[in-house]
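Engineer:
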Amino acid sequence: MTTESAPKPPPQDAPDPPLPAPGSAKALARARRRRSAARFWKQYRAHRSGLFGLAALALIAALALAAPLLVGDDVQNVTDAPGGALESPSGRFPLGTDQFGRDLLGLLLWGTRVSLAVGLMAAALSVAIGTLVGILAGHFGGWFATVSMRVTDWFLVMPSLVLAIVLATVLSHSIWTVVLAIGVASWPTTARLVRAQTLAVESRPYIERARALGGGHAHLMTRHVLPNVMPLVLAQTTLGISSAILTEATLAFLGLGDPDVVSWGGMLQDARETGAVSSGHWWYLAPPGIAIAVVALAFTLCGRAIESVLNPKLGVAR
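Numbering follows the numbering used here, in which position 44 of the sequence shown is assigned residue number 64; successive positions increment by one, without gaps.
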């Protein structure tokens, strides 16, 4: 005689998970960003060269912002200069004077504002163009990628300095012309790097899932591709600023800058026209040249450190 087992009760559905409290998703995203920033800063601090570059840039930026308070706006006035022409360094003029009797230390501080502003804006324009072209070419592919990459190759084989000189010569002499010339001439490298990164991101499974769920081109590029290429864009921007500052100084040295503003390259151009090289007026040449070299080195050190943190495989020396 067999006994039948008692019938099992029907399985009950598992209770639904509690809904997240309003704003918890945004709070979680903010917490993740804070942790990422803290982790990035911890890894960045391990690079002594990057800290040196960051400290130098902080000091230079502070001097540039405080230039109107330290030297005033009248330092550029050539009709009411306080000193004599080409005076050597002294207690009154620590870096001497120029051919108009203006204080070279004040001109150097005032030129910091122009050189940094031009470098930042030109690098931002260059990276923006390169990022846009790279993402579009990597996402759409096909004939669009072929045409855009052929145009990019044409800009790559064209010397960027020569192209910037041509643009600065054809257009009017102004700060915006210099920014436009540098930005248009130096975007192809960023476009190549961003396109390669975009192709790598597009091959990941979650991109296919996003497409299957109905994500459009704009959604994929702005919500998935762009956040993944932003670390590369950030590193490329810091590296591009130093090149932009050097190019601006070169254009100003060649007389293609804005003659109405004071920049480090413009100071070198004035020193060359005055004959400071042949006459031995080293105080007219050395300060702006050293300033250009220091700022370019500081941005390069910061860019290499950021690149090493974002991509540890590079093994950049600390």
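Glycine included, every Cβ here is placed at the ideal spot set by N, Cα and C.
What residues in its chain sit with their C-beta under 7 Å from that of Ile-149, if we drop five residues either side in the sequence?
Structural biologist: Same-chain partners within the cutoff: Gly-203 and Trp-207.
Engineer: So, using beta-carbon positions, are Gly-103 and Pro-109 closer together than 8 Å?
Structural biologist: Contact: no.
Engineer: What residues are listed by DSSP as bridge partners for Thr-117?
Structural biologist: Bridge partners of Thr-117: Asp-123.
Engineer: Could you name each continuous beta strand (DSSP E) segment of 3 residues or more that falls completely within the region 285-322, going from the start of the chain to the end?
Structural biologist: The region 285-322 contains no whole beta strand (DSSP E) run of 3 or more residues.
Engineer: Thinking just about the alpha-carbon of each residue, which of Ala-264, Val-282 and Thr-218 is nearest to the one in Pro-251?
Structural biologist: The shortest C-alpha separation from Pro-251 is found at Thr-218.
Engineer: Whole angstroms are fine: how far does the CA of Arg-55 sit from the CA of Lys-62?
Structural biologist: Lys-62 and Arg-55: Cα-Cα distance of roughly 10 Å.
Engineer: In this structure, how does DSSP classify Gly-73 when only helix, strand and coil are distinguished?
Structural biologist: Looking at Gly-73 - three-state DSSP - the assignment turns out to be helix.
Engineer: Could you tell me whether the region 118-134 touches the region 174-186, where touching means 3 or more Cβ pairs closer than 8 Å?
Structural biologist: The region 118-134 is not in contact with the region 174-186.
Engineer: Does the region 231-243 touch the region 283-299, meaning 3 or more C-beta pairs lie closer than 8 Å?
Structural biologist: Taking 8 Å as the limit for Cβ pairs, the verdict is that the region 231-243 does not touch the region 283-299.
Engineer: Who are the Cβ neighbours of Phe-72 in its own chain at under 7 Å, not counting the five residues just before and after it?
Structural biologist: Leu-321.
Engineer: Return the residue from the list Arg-53, Leu-288 and Ala-66 that minimises the CA-CA distance to Val-329.
Structural biologist: When only C-alpha atoms are compared, the closest one is Ala-66.
Engineer: The alpha helix (DSSP H) with Val-340 in it runs from where to where?
Structural biologist: Since the first residue shown for the chain is 21 and the last is 338, residue 340 is missing from the structure and cannot be characterised.
Engineer: Go ahead and pull the three-state DSSP assignment for Asp-100.
Structural biologist: Of the three classes helix, strand and coil, the one that applies to Asp-100 here is coil, per DSSP.
Engineer: Taking C-beta to C-beta, are Thr-257 and Ala-143 nearer than 8 Å?
Structural biologist: Yes, the pair counts as a contact, with Cβ atoms nearer than the cut-off.
Engineer: Which residue comes first and which comes last in the alpha helix (DSSP H) that contains Asp-94?
Structural biologist: It is not in any alpha helix (DSSP H) - Asp-94 carries neither H nor E in the DSSP assignment.
Engineer: Answer yes if the region 145-161 comes into contact with the region 183-190, meaning at least three C-beta pairs across the two stretches below 8 Å, and no otherwise.
Structural biologist: With the cut-off at 8 Å, the region 183-190 and the region 145-161 do not touch.
Engineer: For Phe-273, which residues in the same chain have their Cβ closer than 6 Å to its Cβ, ignoring the five residues on either side in sequence?
Structural biologist: These residues qualify, in order along the chain: Gly-285, Leu-288 and Gln-289.
Engineer: Note the first and the last residue of the continuous alpha helix (DSSP H) segment covering Ser-110.
Structural biologist: Run containing Ser-110: none; DSSP gives neither H nor E here.
Engineer: Going by Cα to Cα distance, which pick from Arg-215, Ala-49, Val-95 and Leu-266 is closest to Ala-313?
Structural biologist: Measuring from the Cα of Ala-313, the nearest candidate turns out to be Leu-266.
Engineer: Could you pull out every residue in the same chain whose Cβ sits closer than 7 Å to the Cβ of Leu-129, ignoring the five residues on either side in sequence?
Structural biologist: So the list reads Leu-83, Ala-87, Leu-90 and Val-91, once near-sequence residues are dropped.
Engineer: What is the DSSP secondary structure of Gly-275, counted as helix, strand or coil?
Structural biologist: In this structure, Gly-275 counts as coil in the three-state DSSP scheme.
Engineer: Relative to the C-alpha of Asp-123, which residue among Asn-331, Pro-307 and Gly-323 is closest?
Structural biologist: It is Pro-307.
Engineer: Looking at C-alpha atoms only, which residue of Thr-132, Ala-318, Gly-139 and His-159 is the closest neighbour of Gly-402?
Structural biologist: Outside the displayed range of the chain (21 to 338) lies residue 402, so it cannot be described from this structure.
Engineer: Judging by CA-CA distance, which residue of Arg-212, Val-282 and Leu-145 is the nearest neighbour of Ser-194?
Structural biologist: Of Arg-212, Val-282 and Leu-145, the residue nearest in Cα terms is Val-282.
Engineer: According to DSSP, is Val-199 helix, strand or coil?
Structural biologist: Of the three classes helix, strand and coil, the one that applies to Val-199 here is helix, per DSSP.
Engineer: Counting only the same chain and skipping the five closest in sequence on each side, list residues whose C-beta sits under 6 Å from that of Gln-96.
Structural biologist: Once the five neighbours on either side are set aside, the close Cβ partners of Gln-96 are Val-282.
Engineer: Can you tell me whether Phe-319 is buried or exposed, with buried defined as 16 or more other CB within 10 angstroms of its CB?
Structural biologist: Buried.
Engineer: Using alpha carbons as the reference points, say which of Gly-126, Met-141 and Asp-100 lies closest to Met-112.
Structural biologist: One detail in the question is off: residue 112 reads as Arg in this sequence, not Met. Arg-112 has its Cα closest to that of Gly-126, out of Gly-126, Met-141 and Asp-100.
Engineer: Could you give the C-beta distance for Val-221 and Asn-248, rounded to a whole number, given that I count them as a contact under 8 Å?
Structural biologist: Confirmed, Cβ separation roughly 5 Å.
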